[in-house]
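Counting in my numbering, the sequence shown runs from 205 upward without gaps.
Every residue, glycine too, gets a C-beta built ideally from N, C-alpha and C.
Model, not experiment: these values are computed from the prediction.
The next block holds one structure in the form of structure tokens; read it before the comments.
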Amino acid sequence: MKSYIKLIMRIAAVFVTIGSIYLFAPWQAAKLYLTPLPLTIQAQVDEAVNLGLDGIIVYVQTSGQDAQLFTSGWHDRDKKIPADPSALFKIASIGKLYNASAITKLVARGDLSLDKTLAEYLPTLKNRIEFADKITLAMMVKHRSGIPNYTDHKDFSWSERAIGGDSNLQLVLDQPADFKPDSDYGYSNTNYLLLAKIMTKVLGYEHTEFIKNQILRPLNLKRTFFSVNDIDINELMSGYYVGYDNDFKQLEQGYVATAEDVGIFLRALNDGTLFTSEEQAIYSSIYEYEHTGWVLGYYSIARYHKDIDTVVIQFVNTVGENTLTLTDVVYSRIIRVLKRD
């Protein structure tokens with residue numbers, strides 16, 4: 205009886221997914237979802253570009269095996285430079301995994317407390333952010349603070365403003381909370397802007413140096429950076445928005461890394477090698493173990509698939525219209541190929 209119910213649920217899930225694609229996605233995504241799986245991951249990556257994505261990088265690493273990298277399309281569309289598996293890429297909100305890991309290590313060291321409030325750490329914000337004296341560090345990490353998301357503000361522009369920074373914080377000061385602390389979930393980039401400020405204040409130096417010393421260097425991640433200003437811009441994959449000729453690589457949008465570096469980090473995050481047992485318990489209580497990232501021109505997916513003990517990272521340098529749905533379908537098909545094989 206249980207197996208019959210599971211079968212019905214799987215069939216229903218397929219119909220819901222197909223229905224969603226037809227309702228919200230371009231016909232290419234619907235067609236792709238229903239098309240038989242290709243023989244190889246490379247064939248799937250090539251198909252993604254044929255359907256309109258400018259460039260794609262996929263990293264696959266199964267436990268006990270060497271990592272594999274697959275590419276198709278353009279690193280730079282205008283200069284006709286092919287996609288490069290070792291290219292740098294803007295990973296956007298995947299960076300929150302690194303910041304949450306740093307918070308974890310600081311809590312384990314006793315430098316931070318998950319129960320202390322925003323007002324205790326940043327007293328000048330007590331009367332500028334609603335409920336600052338009730339919002340705890342844990343609530344900010346978990347996106348349960350109710351603090352408005354600055355990227356949702358009417359005056360925020362992805363093409364004109366850098367990610368983070370005090371100018372963006374100004375957009376949400378003196379604004380009403382989205383909800384009372386810990387009463388709901390609301391994804392907010394402001395939470396992580398404030399967490400970065402708190403870490404820097406407590407440490408007495410830039411929190412990015414702590415992340416370098418405690419996370420990047422121990423994992424030998426030499427191709428992970430915090431800004432486009434730290435890299436040779438030619439090594440960064442170009443980023444495009446459907447309908448525009450612009451290349452958005454010059455915009456300051458936070459973390460930059462290779463697919464391999466992100467894959468190594470994600471494996472360490474999930475298999476426990478990044479943390480002590482105490483740190484692992486803390487992290488498990490406050491944040492997730494996978495993430496996606498979106499900024500203008502760039503969409504990334506970083507996930508660990510426990511059932512096949514495999515890390516899969518996907519970078520696509522085309523956003524806009526319904527490309528996210530198409531990209532998600534491509535990723536899901538790659539996972540199906542891996543599970544089939």
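**Q.** Start-to-end residues for the beta strand (DSSP E) that takes in residue 517
**A.** 514 to 520
Q.
If you follow the alpha helix (DSSP H) that residue 394 is in, where does it begin and where does it stop?
A. 393 to 407
Q.
Within a Cβ cutoff of 6 Å, which residues of the same chain sit near residue 386, ignoring the five residues on either side of it in sequence?
A. 343, 348
Q: Inspect the beta-carbon positions of residue 236 and residue 533 and report whether they are closer than 8 Å.
A: yes
Q: Could you pull out every unbroken beta strand (DSSP E) segment of at least 3 residues lying fully inside the region 411 to 490, listed in chain order?
A: none
Q) I think residue 461 touches residue 295, with their Cβ atoms under 8 Å apart; what is that distance to the nearest whole Å? A) 5 Å
Q. Does the count of Cβ pairs from the region 476 to 495 and the region 382 to 396 closer than 8 Å reach three?
A. As far as the Cβ criterion goes, the region 476 to 495 does not touch the region 382 to 396, which means the pair count is below three.
(Q) Suppose you measure from the CA of residue 339 to the CA of residue 313; what does that come to, to the nearest Å? (A) One C-alpha to the other measures close to 22 Å.
Q: Please go through the same chain and pick out, in chain order, the residues whose beta-carbon is closer than 8 Å to the beta-carbon of residue 456, but skip the five residues on each side of it.
A: 366, 367, 431, 432, 433
**Q.** For residue 280: DSSP bridge partner residues
**A.** 285
Q. From what residue to what residue does the alpha helix (DSSP H) around residue 305 run?
A. Element bounds for residue 305: 299 to 313.
Q: Please state whether DSSP places residue 376 in a helix, a strand or coil.
A: Three-state DSSP puts residue 376 in coil, outside helix and strand.
(Q) Let me check one thing: in DSSP terms, what residues is residue 335 bridge-paired to? (A) Looking at the DSSP assignment, residue 335 forms no beta bridge with any residue, so it has no partner.
(Q) Please classify residue 272 as buried or exposed, where buried requires at least 16 neighbouring CB atoms within 10 angstroms. (A) exposed
Q | Whole-angstrom distance between residue 490 and residue 241, CA atom to CA atom | A | 37 Å
**Q.** residue 506: first and last residue of the uninterrupted beta strand (DSSP E) it sits in
**A.** 502 to 509
**Q.** Helix, strand or coil at residue 531 [DSSP, three-state]
**A.** Of the three classes helix, strand and coil, the one that applies to residue 531 here is helix, per DSSP.
**Q.** Neighbour-count burial assignment, residue 485, 16 or more Cβ in a 10 Å radius
**A.** exposed
Q) In terms of residues, what are the limits of the alpha helix (DSSP H) holding residue 245? A) Unbroken alpha helix (DSSP H) run through residue 245: 245 to 254.
Q. Just curious, the beta strand (DSSP E) that residue 493 is in, first and last residue?
A. No beta strand (DSSP E) holds residue 493; DSSP gives it neither H nor E.
Q. Which residue from 297, 488, 517 puts its Cα closest to that of residue 468?
A. Of 297, 488, 517, the residue nearest in Cα terms is 517.
Q. Whose C-alpha, out of 354, 325, 390, is nearest the C-alpha of residue 551?
A. Beyond the ends of the chain as shown, which are 205 and 545, falls residue 551; an answer cannot be given.
Q | Length of the line joining the Cα atoms of residue 405 and residue 253 | A | 45 Å
Q: Report buried or exposed for residue 350, applying the criterion of at least 16 other Cβ atoms within 10 angstroms of its Cβ.
A: By the neighbour-count rule (16 or more Cβ atoms within 10 Å), residue 350 is buried.
**Q.** residue 263 - containing alpha helix (DSSP H), residue span
**A.** Run containing residue 263: none in the alpha helix (DSSP H); it sits in the beta strand (DSSP E), 259 to 266.
**Q.** Given residue 464 as reference, the closest of 289, 509, 256 once Cα atoms are compared
**A.** 289
Q. Hey, out of 359, 441, 328, whose CA is closest to residue 283's CA?
A. 441
Q.
What does the alpha-carbon distance come out to for the pair residue 325 and residue 494?
A. 28 Å
(Q) Beta-carbon within less than 6 Å of residue 391's beta-carbon, same chain only, minus the 5 sequence neighbours each way: which residues are those? (A) 347
Q.
Between the alpha carbons of residue 492 and residue 451, how many angstroms are there, rounded?
A. 32 Å
Q) DSSP three-state call for residue 226: helix, strand or coil? A) The predicted model places residue 226 with a pLDDT of 44, which falls under 50 and marks its position as unreliable; any figure quoted below should be read in that light. Three-state DSSP puts residue 226 in a helix.
Q.
Counting C-beta neighbours from all protein chains within 10 Å, is the total for residue 228 16 or more, i.e. buried, or is it exposed?
A. Residue placement at residue 228 is poorly supported in this model, since its pLDDT is 43, which falls under 50; the coordinates are not used for a value here.
Q) So residue 256 and residue 287 are in contact, right, with Cβ under 8 Å, and what is the actual spacing, rounded? A) With 8 Å as the limit, residue 256 and residue 287 do not qualify as a contact, their Cβ atoms being about 15 Å apart.
Q. With which residues is residue 273 paired in a DSSP beta bridge?
A. 263
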